[in-house]
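Numbering (the UniProt record's numbering), first residue to last: 1 to 378.
C-beta atoms are modelled at their ideal positions from N, C-alpha and C, and glycine is treated no differently.
Remember, predicted model here, so these are calculated numbers, not experimental data.
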Amino acid sequence: MEGNALCHHLGPAAGVTKGWRKWASPGELRNPGSGCTGFSCPHERERSKTEDMELSRVAVALGPTGQLLLFLSFQTLAAQAADTCPEVKVVGLEGSDKLSILRGCPGLPGAAGPKGEAGANGPKGERGSPGVVGKAGPAGPKGDRGEKGARGEKGEPGQLQSCATGPRTCKELLTRGHFLSGWHTIYLPDCQPLTVLCDMDTDGGGWTVFQRRSDGSVDFYRDWAAYKRGFGSQLGEFWLGNDHIHALTAQGTSELRVDLVDFEGNHQFAKYRSFQVAGEAEKYKLVLGGFLEGNAGDSLSSHRDQFFSTKDQDNDNHSGNCAEQYHGAWWYNACHSSNLNGRYLRGLHTSYANGVNWRSGRGYNYSYQVSEMKVRLT
1 MEGNALCHHL
11 GPAAGVTKGW
21 RKWASPGELR
31 NPGSGCTGFS
41 CPHERERSKT
51 EDMELSRVAV
61 ALGPTGQLLL
71 FLSFQTLAAQ
81 AADTCPEVKV
91 VGLEGSDKLS
101 ILRGCPGLPG
111 AAGPKGEAGA
121 NGPKGERGSP
131 GVVGKAGPAG
141 PKGDRGEKGA
151 RGEKGEPGQL
161 QSCATGPRTC
171 KELLTRGHFL
181 SGWHTIYLPD
191 CQPLTVLCDM
201 DTDGGGWTVF
211 QRRSDGSVDF
221 YRDWAAYKRG
231 FGSQLGEFWL
241 GNDHIHALTA
251 QGTSELRVDL
261 VDFEGNHQFA
271 KYRSFQVAGE
281 AEKYKLVLGG
291 FLEGNAGDSL
301 SSHRDQFFST
311 KDQDNDNHSG
321 NCAEQYHGAW
331 WYNACHSSNL
341 NGRYLRGLHT
351 SYANGVNWRS
361 GRGYNYSYQV
371 SEMKVRLT
């Protein structure tokens, strides 16, 4: 493009004649109604001449300096127009020395096309690694109470046991046809049910066992309250309780049998005509009948009419406490001929008279393996 050419951007196109760029209307490029284009149309040539004369007069009036300023202003306008009309094309007109600058401006955007169909789903991605376990949240509110469940089926009728019809002793159970030794329920005179060990085998059966030693699993060195209520296990050793022994023997005359077994398997026994224990108000005094028989001999008659003593209740006739001295609980006199609630020392022992001893049997230095005391209503 010539250095002194002037560019103006107020119309869509411009024409240049003999080194000067002149204004051009759209008709210079194409006149749809006349069938001619550019300066080939007569009316366009007339208008162009008029515009050329006007520009020439302006240029002469401005002088060289003004022409330069006018040219620079046209260049600035052309540069600004480049931002809105990005494409510029320079063409010749029918082989003449005239130049035509065509600048295309973008049209208005067309309407949006219809939305395309959704593509197919992509393949499922790999499962990510588990995240860190979060802290437990606060407890939720308490739920509403559920509906009441259906009523269960009626159970089978149980066997009615009462003070009037229930057995009172193991002997009575035996007469009713209970021939197996073991734990059974009887009813005391005050209608209190009591579970007891019944010996249905020894000497005709029907014996109620109230004391048993067999393996040393239970500590018999206990206080007054323990001997009052009873202690031990149905599976091994026990003391039935002085209150219960009193209730059992208060029903009538009961005989007593003592069975002993040493660690060599030898059996011994002693049998007494009657046996009764008074109530707590009389300190569970021993009321004993005469010795009847037994290869263990008599080592209990010397304790007749004696009060029961424990380590915390000394009711004996000795200056000291026999229960503490011989590590037991018994109807001590001025101490003892028997001490079946003493320490479980497993046979021969060097200590004196503090084991499960029966003096007329194995003496004061032998502790029996098994000891059983039992009563039977006569």
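Burial state of residue i (16 or more Cβ within 10 Å)
i, result
"S371", "buried"
"C170", "buried"
"C335", "buried"
"L340", "buried"
"L348", "exposed"
"R127", "exposed"
"L260", "buried"
"G237", "The identity of residue 237 in the sequence shown is Glu, whereas the question assumes Gly. So E237 counts as buried."
"G279", "exposed"
"N4", "Confidence in N4 is poor, its pLDDT being 39 and thus under 50, which makes the residue's placement unreliable; the coordinate value appears in the next sentence. The residue is exposed, with fewer than 16 neighbouring Cβ atoms inside 10 Å."
"L197", "buried"
"S129", "exposed"
"S217", "exposed"
"residue 397", "Outside the shown range of the chain (1 to 378) lies residue 397, about which nothing can therefore be said."
"V133", "exposed"
Beta-carbon proximity of residue i to residue j, cut-off 8 Å
i, j, result
"Y272", "L292", "yes"
"S299", "R359", "yes"
"G290", "F269", "no"
"V375", "T249", "yes"
"K311", "D219", "no"
"L180", "H244", "no"
"S254", "T350", "no"
"D199", "Q369", "no"
"M373", "F231", "no"
"R213", "Y344", "yes"
"E221", "H246", "A quick correction: the sequence has Tyr, not Glu, at residue 221. No, the Cβ-Cβ distance between Y221 and H246 is not below 8 Å."
"N242", "V277", "yes"
Beta carbon proximity, residue i to chain C, threshold 8 Å
i, result
"S301", "Here chain C cannot be found, since the structure has a single protein chain."
Selection from the options that minimises the alpha carbon distance to residue i
i, options, result
"T175", "E264, Q192, W207", "W207"
"Y366", "T378, M373, R346", "R346"
"S162", "E153, G140, Y187", "Y187"
"Q192", "T165, G216, R213", "T165"
"N331", "S319, D314, G320", "In the sequence on display, residue 331 carries Trp and not Asn. Comparing Cα-Cα distances from W331 to each of S319, D314, G320, the minimum goes to D314."
"G204", "H178, D215, P189", "H178"
Cβ shell of residue i (< 7 Å), same chain only, five flanking positions each side left out
i, result
"G297", "A270, S360, G361"
"N333", "S302, H303, Q306, D316, N317"
"Y364", "Y352, A353, N357"
"E153", "none"
"H327", "Y221, G342, R343, N354"
Cβ neighbours of residue i in the same chain (closer than 6 Å, five flanking residues each side left out)
i, result
"A329", "Y227, T310, A323, N341"
"L256", "Y272, F275, V375"
"Q234", "W183"
"P167", "L173, I186"
Sequence-distant residues of its chain with Cβ nearer than 8 Å to residue i (five each side left out)
i, result
"N321", "S309, K311, D314"
"A150", "none"
"G35", "Unreliable positioning characterises G35 in this predicted model, as indicated by a pLDDT of 47, which lies under 50. The coordinate reading is nonetheless provided below. Closer than 8 Å at Cβ, skipping near neighbours: no residue."
"Q252", "Before going on, a small fix: residue 252 reads as Gly here, not Gln. Around G252: L377, T378."
Which ranges does the alpha helix (DSSP H) cover as unbroken runs of at least 4 residues, wholly within the segment 165 to 216, from first to last along the chain?
Entirely contained in the segment 165 to 216, the alpha helix (DSSP H) runs reaching 4 residues are, in chain order, 170 to 175.
Which residue spans inside the segment 239 to 275 form an unbroken beta strand (DSSP E) run of at least 3?
The qualifying runs are 254 to 261, 267 to 272.
Sequence ranges, alpha helix (DSSP H) only - wholly within the segment 275 to 349, length at least 4
As far as the segment 275 to 349 is concerned, its whole alpha helix (DSSP H) runs of at least 4 residues are 322 to 325.
Every unbroken beta strand (DSSP E) within the UniProt region "Disordered" (113 to 162), with a cutoff of 3 residues, ordered by chain:
For the UniProt region "Disordered" (113 to 162), there is no continuous beta strand (DSSP E) assignment of 3+ residues that stays within its boundaries.
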